[in-house]
Amino acid sequence: MTEKKFHVYTCMEDELRRLIVSGLLPESKPIWSESVLMAKYGIGRNAVRAAISNLEAEGLLKRVHGSGTFVVPQIQRKHPHSSRKKGKTILYLSFPPYSEKTFQLNTVTYFQDMSFLLKQGGQEILMLHIGKTDPVPEILQKGHFAGIIFEGNVDPDFYERYIQPHPCVGIDFINPDFHCSWIDSGKFNVCESAVKYLYRNGHRRIAFLTDESRTWAAEELLRGYRSAMNELGLKIRPEWEICWMRFPEGEELKNESVIRPRDFYDYLEPVFTSHTRPTALVCYDNWRAFSAVEALEKLGLKVPDDISIIGSYTRSKDFDSGIDCSFTCYHIRMKEVYLESYHLLSELIGRRACTTEKIIRLMPIFSPGKTVKTINN
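Structure follows, in C-alpha cells:
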C-alpha cells in the first residue's frame, strides 16, 4: 500500500471540509478566493488548488470558471467518485462550553499528530463543533463513519441518539450515565498535587485563583484544591478561594490575549494585605500565574521570596512564548490525551462485541521551576 503523506495543504483541506459539513459555510455561496486562502493558511497557490480539487472530488465544492468556488448543497453531495472512505472516518465532536473560536484554536494546537497518524493508516479525522443551536451534522445523521471522540457537555438525548450507537470515547466532562469509555486529562490531580507539593515545602496557608470560576476545568481544579487541603488537615478559608468569572463577549470570554497580563490587583489586594496572608498561591494556569505576579509586585510582594506560586499549562511551552516559563507548574498533556483517545477508540472499533467500559487518566508532569520557596514553620 502506498504510504500517505501529510501535505502542506492538509490543515486547510481538513478545516474547509469541517466548515462545509457542519454548515458553517453556507450552501451555494462562494468560499474565499485563492489569494485569501494562500494568506490565511500560509501556503502556495498550487497547494490551495490541490486542496480544493480534493474537496471537489468529494462533491463538497464546485468551481465555476470566472465566478469562484462554491459550496455544494447537501442534497447534491452524492458523488460517484468520492474519495472519502466513510468507514475509515473518525469524528471528533466538540460541544459547549467550548466556542467555535476555542475549538479552532484547540484543533490547530493539538490534532496535528493525530491527523498524521490516521493518514498513515489510511484513515482521516473530521472535526466538528456543535453549538447549542446548531443543526445535527449530516454525517452524524447518516452514520457513515467508524467511531466518535467527543468532548464537552453533551445533552443526554443527543448522546443516546447520535453517539451511543457507535464506538465512542469521551474526554473529560465524565458523565456516569453515559455508557462509554473516557479519557481523563487529570485536571483534578493538578491542584491536588500542587497543594501537596507546597505542603512538603513548608506551606500551610495556601490560596487558589481562577478568573473562570463557572467553567468545568476551574471546577475540577478547585475540587482538587479542596480535596488536598482537607486530606492534609489544612483550613480552607473562603476568602482564600479567589474565584470569579470574567465577563464574556459574545461566545468568548473577555480578554483572551496571551500577550497582555490581566489586572488581578483588585482581587488579590484584600487577601494579600491581611495580617495572616497566604504564603502560597495555586493558579488556574501559567497565564493566570503571570498576571498574579504582576498584581503581587504592585502590592510590594516578590515571588518566591514573599509568595510562592504554582501554575499549569496544556499547550507546548513554545506556544506560551510570551509567558515566563520558569514557573513551578504541571503540564496537562492534552496532545497525549487526544492520541490516547484515538488508541482507545481503535480498540473499541476492532472489538465491537466488547462491552468493557474504562476510564484512563493521564497524570500531569511536574516541572520544578523557580517560583516555590521552602519555608520553615
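According to the working numbering, the sequence shown holds residues 983 to 1359 in order. We treat Cβ as the ideally placed atom computed from N, Cα and C, and that holds for glycine. Values in this document were obtained by computation on a predicted structure and should not be read as measured data.
Are residue i and residue j close, meaning C-beta to C-beta below 8 angstroms?
{"i": "F1160", "j": "E1202", "result": "no"}
{"i": "A1200", "j": "V1177", "result": "no"}
{"i": "D1287", "j": "K1217", "result": "no"}
{"i": "H1325", "j": "S1349", "result": "no"}
{"i": "A1189", "j": "L1263", "result": "yes"}
{"i": "E1133", "j": "F1052", "result": "no"}
{"i": "K1352", "j": "T1310", "result": "yes"}
{"i": "Y1247", "j": "A1271", "result": "no"}
{"i": "C1162", "j": "E1339", "result": "yes"}
{"i": "T1071", "j": "E1038", "result": "no"}
{"i": "P1346", "j": "S1294", "result": "yes"}
{"i": "D1166", "j": "R1343", "result": "yes"}
{"i": "I1292", "j": "A1274", "result": "no"}
{"i": "F1140", "j": "H1111", "result": "no"}
{"i": "L998", "j": "A1033", "result": "yes"}
{"i": "I1153", "j": "S1308", "result": "no"}
{"i": "E995", "j": "N1028", "result": "no"}
{"i": "L1191", "j": "Y1266", "result": "yes"}
{"i": "R1187", "j": "T1258", "result": "yes"}
{"i": "Y1181", "j": "L1204", "result": "no"}
{"i": "L1042", "j": "I1013", "result": "no"}
{"i": "Y1207", "j": "I1224", "result": "no"}
Can you name the residues that DSSP bridges to residue i?
{"i": "M1227", "result": "E1194"}
{"i": "M1109", "result": "Y1074"}
{"i": "D1159", "result": "BP columns for D1159 are empty, so no partner."}
{"i": "L1043", "result": "V1053"}
{"i": "F1132", "result": "L1075 and G1152"}
{"i": "H1126", "result": "Its beta-bridge partners do not exist; DSSP assigns none."}
{"i": "C993", "result": "For C993, which the question treats as bridged, DSSP gives no partner whatsoever."}
{"i": "I1165", "result": "I1153 and I1342"}
{"i": "P1012", "result": "F1052"}
{"i": "A1021", "result": "For A1021, which the question treats as bridged, DSSP gives no partner whatsoever."}
{"i": "A1189", "result": "L1263"}
Hey, could you find the ends of the alpha helix (DSSP H) residue i is sitting in?
{"i": "S1273", "result": "N1268 to K1280"}
{"i": "T1261", "result": "Per DSSP, T1261 belongs to no alpha helix (DSSP H) and is neither H nor E."}
{"i": "G1332", "result": "M1316 to G1332"}
{"i": "R1182", "result": "K1169 to R1182"}
{"i": "Y948", "result": "The question about residue 948 has no answer, for the chain in this structure spans 983 to 1359."}
Which whole-angstrom value describes the C-beta separation of residue i and residue j, a residue pair presumed to lie in contact below a C-beta threshold of 8 angstroms?
{"i": "V1151", "j": "L1327", "result": "5 angstroms"}
{"i": "L1073", "j": "L1108", "result": "5 angstroms"}
{"i": "T992", "j": "S1081", "result": "T992 to S1081, Cβ: 24 angstroms. No contact."}
{"i": "G1129", "j": "P1149", "result": "4 angstroms"}
{"i": "Q1056", "j": "E1120", "result": "6 angstroms"}
{"i": "V1253", "j": "W1226", "result": "The Cβ separation is near 12 angstroms, so there is no contact."}
{"i": "S1015", "j": "G1050", "result": "7 angstroms"}
{"i": "E1194", "j": "R1228", "result": "7 angstroms"}
{"i": "T1025", "j": "V990", "result": "It is worth fixing the name first, because residue 1025 is Ile in this sequence and not Thr. I1025 to V990, Cβ: 5 angstroms. Contact."}
{"i": "N1183", "j": "I1357", "result": "7 angstroms"}
{"i": "K1284", "j": "D1095", "result": "Contact doesn't hold; Cβ gap of about 39 angstroms is too wide."}
{"i": "P1079", "j": "N1157", "result": "Actually they do not touch by this definition, with Cβ atoms about 14 angstroms apart."}
{"i": "W1198", "j": "I1341", "result": "W1198 to I1341, Cβ: 16 angstroms. No contact."}
Locate the beta strand (DSSP E) running through residue i, then write down its first and last residues.
{"i": "R1244", "result": "Counting along the chain, R1244 falls outside any beta strand (DSSP E), and DSSP gives it neither H nor E."}
{"i": "F1348", "result": "I1347 to S1349"}
{"i": "Y1295", "result": "S1290 to Y1295"}
{"i": "Y1312", "result": "T1310 to H1313"}
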